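Number of protein chains: 2
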Amino acid sequence: MRRMTARPANTHQARLLRLLRDGGPNSRAQLGDQIDLSRSKLAVEVDRLLETGLVVADGLAASRGGRRSHNIRLAPGLRFLGVDIGATSIDVAVTNAELEVLGHLNHPMDVREGPVAVFEQVLAMAAKLRASGLAEGFDGAGIGVPGPVRFPEGVPVAPPIMPGWDGFPVREALSQELGCPVMVDNDVNLMALGEQHAGVARSVGDFLCVKIGTGIGCGIVVGGEVYRGTTGSAGDIGHIQVEPDGRACACGNRGCLEAHFSGAALARDAEDAARAGRSPELAARLDGAGKLTAVDVAAAAAAGDPTALDLIREGGNKVGQVIAGLVSFFNPGLVVIGGGVTGLGHNLLASVRTQVYRQSLPLATGNLPIVLGELGPVAGVTGAARLISDHLFSPA
Amino acid sequence: MRRMTARPANTHQARLLRLLRDGGPNSRAQLGDQIDLSRSKLAVEVDRLLETGLVVADGLAASRGGRRSHNIRLAPGLRFLGVDIGATSIDVAVTNAELEVLGHLNHPMDVREGPVAVFEQVLAMAAKLRASGLAEGFDGAGIGVPGPVRFPEGVPVAPPIMPGWDGFPVREALSQELGCPVMVDNDVNLMALGEQHAGVARSVGDFLCVKIGTGIGCGIVVGGEVYRGTTGSAGDIGHIQVEPDGRACACGNRGCLEAHFSGAALARDAEDAARAGRSPELAARLDGAGKLTAVDVAAAAAAGDPTALDLIREGGNKVGQVIAGLVSFFNPGLVVIGGGVTGLGHNLLASVRTQVYRQSLPLATGNLPIVLGELGPVAGVTGAARLISDHLFSPA
DNA sequence: CATCTTTGTCCTGAGTGTGGAGAAAGTTGG
DNA sequence: CCAACTTTCTCCACACTCAGGACAAAGATG
């Protein structure tokens, strides 16, 4: 199969490609209703796109009371690769041009093993997806990493939890290996993009997407666009202080949110409680190495264990306290909570909501939904595909 | 004098008007260097603007080694009115089309007296400025109010410190009275616009502007544009909790930033200290009613009074704590501190900086200037003029 | 005074985009 | 089965935008 070579020649073509991506196949007439162009001009641009091969006309749609329309759709062979590198695992997926996930793989891996080892794994997973017949090659790839990124260059900068990646040319290296364009971003931003494209945040212009996994981060969307900040570290809320003289944090400070609540902190607290005999439910779930995860806490809570419930409530209060501040400051139209701890579900959500609704101003909370992400592990890879498609579907 | 009737007919004309506003008089050739247009096209658009009377060609500039250029400038008779309504005083200013302040009045007044009384005062001040010969009429007016605003309609919504203004049609009423277009915004946003236009924030795309006066608010600029949030309450940081079981706040919660530090809280603390005999410097400054202001505290601190210095340091710590969180979240390129307490100067700034640099991530603070606003009371009115000129200098 | 530089104007030609006429293809009702 | 109406799509004429070059105007320089 020939890979995507052309790019839209102007903004009209770019807009058409995005309409087809987000709205699926469509007739010329329907496209005309959604874009501010005359039918004649539209036809010209569609014809040019057909010539490039980026879109195809296949078959006729059912009549709507008159002449049947030609179905215009994005080239069915286009394939994007979405990669989401977490602290403890890797997600890789293939999508079509409409960003529907055709295949998805997950592999546990510690990001601290460094870029070379991780890349090897990513490429192996991509090869596996290709071998399964889902793609003959990739037209573009998006990749998320758990740390700040200098976005234009696609290079991680001073990432606390993956020091070995500092300055590693992720974009260039992956582009070389895959032979296609690549865009790199923070994993939290990609989750936000994913939920915006296919999840709970559709049609919301300004929202926050709080991802609670091994660490805590927050994707910020302003006017439909991800906001990355001056140095690419916007949304790094894990080290906001929630307790004046709280626990020591890996960053060197005390009382950071991440030190009090996150996947890692929760697991540690649960293990302590189990060992101290404060919770038989949790103790029963200890594995051979004496370890627990957020999943265990969720299970214990579901079984009614009061200690587990307390841990979740306490954590939700801490996160809610920070989110309350962010809501007052940012006045979003929606707050999405996702990441590994989504499994804690409505117990977590309830205490977050309580804090936010109590502490923030009524005007800001009046009509503010606080919800769990609906895409789970697909959010990151969908966002990654969205990132590269946004790039490729812009004028060259 | 005839008032501004025409509006730019297209984006080119709008951009030209803004170039002339921000860069002052200019020749066609120099404008051509700053705008992406051919000389011929540019000449056409300039001619059209000359026809409308929005710009004029007056005289020839000195030669730069060849034919002398015609000076193109915005119509010299254009006048904008900038109004900044604070909690305890009103600022009104007249500017020319380049937003230079030609005249400026200040009048103490309690905003709680309600919109009717305040409007009367504002109109009297505007009339006074007009009578002094600075303007024969106004081509537009911008007005800032100390509370959230539904921006498109120009109506305050649920403003805590000025309940009588809720839903009052500020834009429509003022437009009627003045007979010119009016735009309304939060006073903090206007301060940010002012500092961006003529102050410390020139050429910074993303920054925060913290205004500490009677209350505390924060202007948010993203990509050069003010961000107002979903309901217009973005930046309302006065009620972020800084102390878990802190002081009772007027909003009904405990431990709000505003309850611990703001012009009002500082004055109260200083009065308490003076009465309790903990500070002779402050006691000496008590007025007949036993009242003090931030200015008194600044003076006492300048005289070396340890209690006053402590109050400032403590307050700076509280504000710094909140700003540190915002810096982590928003990753701005600059933080500006302004408002009534600017008089506390470098004592305040020092403790804010200490908190922020200690608590926020190095990547976010690495190259982050935290500075005092440089426009003082002119910031608000300049921002107001900028607001309305941005509106009028956009395609109709 | 000839030459060079800078500024501003005019003209042509390529491209962009609109709106209408009308053909193509289909549905509906008598 | 046919006439009338709809919807979709194509084609064409015309207006407008815009770039780039030729050229005129006005001054500096030697």
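If you're matching them up, the sequences are chains C and R in order. 218 is the number of the first residue of the first sequence in this note's numbering; add one for each residue after it. 218 is the number of the first residue of the second sequence in this note's numbering; add one for each residue after it. Note that the Cβ used here is the ideal one computed from N, Cα and C, for glycine as well. Given the structure is predicted, the values throughout are model-derived calculations rather than measurements.
First and last residue of the beta strand (DSSP E) that includes residue i?
i	result
Ile605/R	No beta strand (DSSP E) contains Ile605/R, which is instead part of the alpha helix (DSSP H) from Val595 to Leu609.
Asn564/R	Not the beta strand (DSSP E): Asn564/R falls in the alpha helix (DSSP H), residues Gly562 to Gln576.
Asn406/C	Not the beta strand (DSSP E): Asn406/C falls in the alpha helix (DSSP H), residues Asp404 to Ala415.
Arg530/C	From DSSP, Arg530/C is part of no beta strand (DSSP E) but of the alpha helix (DSSP H) over Pro523 to Phe547.
Leu509/C	Where Leu509/C is concerned, there is no enclosing beta strand (DSSP E), given that its DSSP letter is neither H nor E.
Out of the options, which one is the CA nearest neighbour of residue i?
i	options	result
Asp453/C	Glu531/C, Ala465/C, Arg570/C and Ile437/C	Ile437/C
Arg603/C	Arg224/C, Met326/C, Val311/C and Ala343/C	Val311/C
Met326/R	Ala487/R, Phe478/R, Glu337/R and Gly276/R	Glu337/R
Ala515/C	Ala476/C, Lys508/C, Ala613/C and Val558/C	Val558/C
Glu330/C	Ser496/C, Thr305/C, Ala525/C and Val399/C	Thr305/C
Ala596/R	Ile554/R, Leu566/R and Gly505/R	Ile554/R
His321/C	Gly299/C, Gly303/C and Arg281/C	Gly299/C
Thr571/R	Glu315/R, Ile587/R and Gly361/R	Ile587/R
Leu578/R	Pro376/C, Asp383/C and Arg445/C	Pro376/C
Leu585/C	Glu262/C, Phe547/C and Thr599/C	Phe547/C
Ala260/R	Ile289/R, Val544/R, Leu561/R and Ala506/R	Ile289/R
Gly480/C	Cys468/C, Ile529/C and Ile540/C	Ile529/C
Gly303/R	Leu316/R, Val328/R and Leu483/R	Val328/R
Arg419/R	Met221/R, Gly600/R and Leu233/R	Gly600/R
Ala490/R	Leu474/R, Thr510/R and Ala541/R	Thr510/R
Lys535/C	Leu295/C, Gly249/C and Leu483/C	Leu483/C
Gln396/R	Glu315/R, Gly354/R and Leu266/R	One point to set straight first is that residue 396/R is Gly, not Gln, in the sequence displayed. For the residues Glu315/R, Gly354/R and Leu266/R, the minimum Cα distance to Gly396/R belongs to Gly354/R.
Gly381/R	Gly440/R, Met400/R, Val339/R and Val335/R	Val335/R
Phe478/R	Gly532/R, Ala352/R, Arg492/R and Asp527/R	Gly532/R
Gly240/R	Leu316/R, Leu295/R and Leu267/R	Leu316/R
For a test of the three-state rule: what should DSSP assign to residue i, helix, strand or coil?
i	result
Asp301/R	strand
His456/R	coil
Pro293/R	coil
Ala418/R	coil
Ala348/R	helix
Val443/C	strand
Met326/R	coil
Ala223/R	coil
Gly361/C	strand
Leu319/R	strand
Ala467/R	coil
Pro373/R	strand
Check for me: the alpha helix (DSSP H) holding residue i runs from which residue to which?
i	result
Ala493/R	Looking at the DSSP string, Ala493/R is not in any alpha helix (DSSP H), and its letter there is neither H nor E.
Val311/C	Premise fails: Val311/C lies in the beta strand (DSSP E), Ser306 to Thr312, not in any alpha helix (DSSP H).
Leu248/C	Arg245 to Gln251
Leu271/R	No alpha helix (DSSP H) contains Leu271/R, which DSSP labels as neither H nor E.
Ser392/R	Val387 to Leu395
Pro497/C	Pro497 to Arg502
Pro579/C	Pro579 to Thr582
Ala476/R	Leu474 to His477
Could you tell me which residues DSSP pairs with residue i in its beta bridges?
i	result
Leu277/R	His287/R
Lys615/R	Since the first residue shown for chain R is 218 and the last is 613, residue 615/R is missing from the structure and cannot be characterised.
Arg256/C	None; Arg256/C has no bridge partner.
Leu625/R	Nothing about residue 625/R can be reported from this structure: the residues present for chain R run from 218 to 613 only.
Ile378/C	Answer by DSSP bridge pairing: none, since Ile378/C is not bridged.
Ala516/R	Ala516/R is not bridged to any residue.
Leu483/C	Looking at the DSSP assignment, Leu483/C forms no beta bridge with any residue, so it has no partner.
Leu592/R	Partner(s): none; Leu592/R has no beta bridge.
Met400/R	Gly359/R
Val366/C	Pro373/C
Quiz item: Can we say the segment 584 to 597 of chain C touches the segment 228 to 236 of chain R, given the rule of at least three CB pairs closer than 8 Å?
Solution: Because the criterion of three Cβ pairs below 8 Å is not met, the segment 584 to 597 of chain C and the segment 228 to 236 of chain R do not touch.
Practice problem: Indicate whether the contact test is met: 3 or more Cβ pairs, each with one atom in the segment 516 to 534 of chain C and one in the segment 387 to 402 of chain C, closer than 8 Å. | Solution: These segments do not touch.
Quiz item: Taking contact to mean at least 3 C-beta pairs separated by less than 8 Å, is the segment 430 to 446 of chain C in contact with the segment 394 to 406 of chain C?
Solution: Taking 8 Å as the limit for Cβ pairs, the verdict is that the segment 394 to 406 of chain C does touch the segment 430 to 446 of chain C.
Quiz item: Below 8 Å, can you find three or more Cβ-Cβ pairs linking the segment 278 to 295 of chain C to the segment 235 to 250 of chain C?
Solution: Verdict: yes, contact present.
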